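To keep things clear, I will list the structure first and then write my remarks on it.
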Amino acid sequence: MFFKLSVNHSKLLKSKDIQQYFEGLKKLKIITYEKIDSTNTEAKRILDKKCINNAMLIADKQTTGRGRLGRSFYSPLGTGIYMTIIYNLKSAPDENVLFTAKTAVAVALAVEKVTGNKPEIKWVNDLYISGKKVCGILTELHTDKKNKMQHLIIGIGINVYTSDFPEEINATATSLGENESIKPKLIAQITENVFKLLGEKYDSFCLNEYRKNCFILGKEIEYIKNGTKYYATAKDIDDSYGLIAVSHDGTIDTLRSGEISIRIKKEEAF
Ligand code: BTN
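Residue numbers (the working numbering): 5 to 274.
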């Protein structure tokens, strides 16, 4: 059950509210917006103009929040967290999926620490609570051709107490069911976790956490590859966060990107 709270404008997010919870990131640049089209798009605009180091952008509302695969991300005023971390890469990444998956672990652990409720992970990077999506992650790569610098633009959207979802996602989306007051602490914890876990030192920790919390393993799934629909069992996550899918004729396929859905058995459907 969620409470519909009216947003008090004096409560709009301020950097100092978040900074007070930082432990290791005291110097991180935080940029806040009351309203923006998309914090990921804004991060790209900032990086196009100047070369900056690490930073975090946070908005109270997004007018055109973006999701994966060209979808939109519902971002109404105040009821969610819409944040983007600009992460300066030391070397070119082999695959974005690794960072995206590690971010999913970082967010899940932060939510658990701050709210006591740990979301599960749906490959690649959606977080679910009670079978419904509560958080989406959109990771993009930015290359500055002049300075040859590369940054990751890591966008994280969380429904904190959103209750009035648009019809098309109403059956599949949910919120943390927390209130306004947890937002600064949760944002700070997520940011700390992302900067910590993206480092190589935590590679095996992240992989273990990811496997432990990926709720699709063992489930019947379907996915589309090169225009063809496949049915398979989600068997395992490989060391590069690829999803190992075994189809009914025994063919093994390792998925590196894209999206899967869980097949609902006839008797479960109503
Ligand atoms: C998805 O569910 O497919 C990913 C959603 C990512 C949403 C976040 S909200 C902050 C950042 N800005 C955006 O426009 N998108 C990401």
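Built from N, CA and C at the ideal position, the CB exists for glycine as well.
Given the structure is predicted, the values throughout are model-derived calculations rather than measurements.
Distance between Asp240 and Ile225, taken at the CA atoms: about 12 Å.
Put simply, the backbone Cα of Cys139 is about 20 Å away from that of Thr36. If one requires a minimum length of 3 residues, the beta strand (DSSP E) runs lying completely within the region 116–151 are 124–126, 130–133, 136–148, in chain order. In the three-state scheme derived from DSSP, where H, G and I count as helix and E and B as strand, Asp240 is classed as strand. Shortest gap from the CB of Leu131 to any heavy atom of ligand 1: 7 Å or more. Taken through DSSP and simplified to helix, strand or coil, Ser167 comes out as coil.
Annotation for Asn100 indicates a beta carbon at 7 Å or more from all heavy atoms of ligand 1. For Tyr86, the enclosing beta strand (DSSP E) has its first and last residue at 84–93. Under the three-state reduction of DSSP, Asp257 is assigned to strand.
Separation of Leu61 and Ile90 (C-alpha to C-alpha, rounded to the nearest whole angstrom) is 8 Å. Per DSSP, Glu224 is one residue of the beta strand (DSSP E) stretching across 224–229. Short note on Gln24: C-beta not closer than 7 Å to any heavy atom of ligand 1.
Counting C-beta pairs closer than 8 Å gives fewer than three between the region 112–122 and the region 44–58, which falls short of the contact rule. Ser179 has its Cβ no nearer than 7 Å to any heavy atom of ligand 1. At a cut-off of 7 Å, the beta-carbon of Ser95 does not count as near ligand 1: no heavy atom of the ligand is closer than that. Counting along the chain, the unbroken alpha helix (DSSP H) around Tyr214 starts and ends at 207–217.
Counting along the chain, the unbroken alpha helix (DSSP H) around Leu201 starts and ends at 187–201. For Ala249, the enclosing beta strand (DSSP E) begins and ends at 247–251. Taking 7 Å as the cut-off, one finds no heavy atom of ligand 1 near enough to the beta carbon of Ile89. The C-alpha of Thr255 is placed about 34 Å away from the C-alpha of Ile158.
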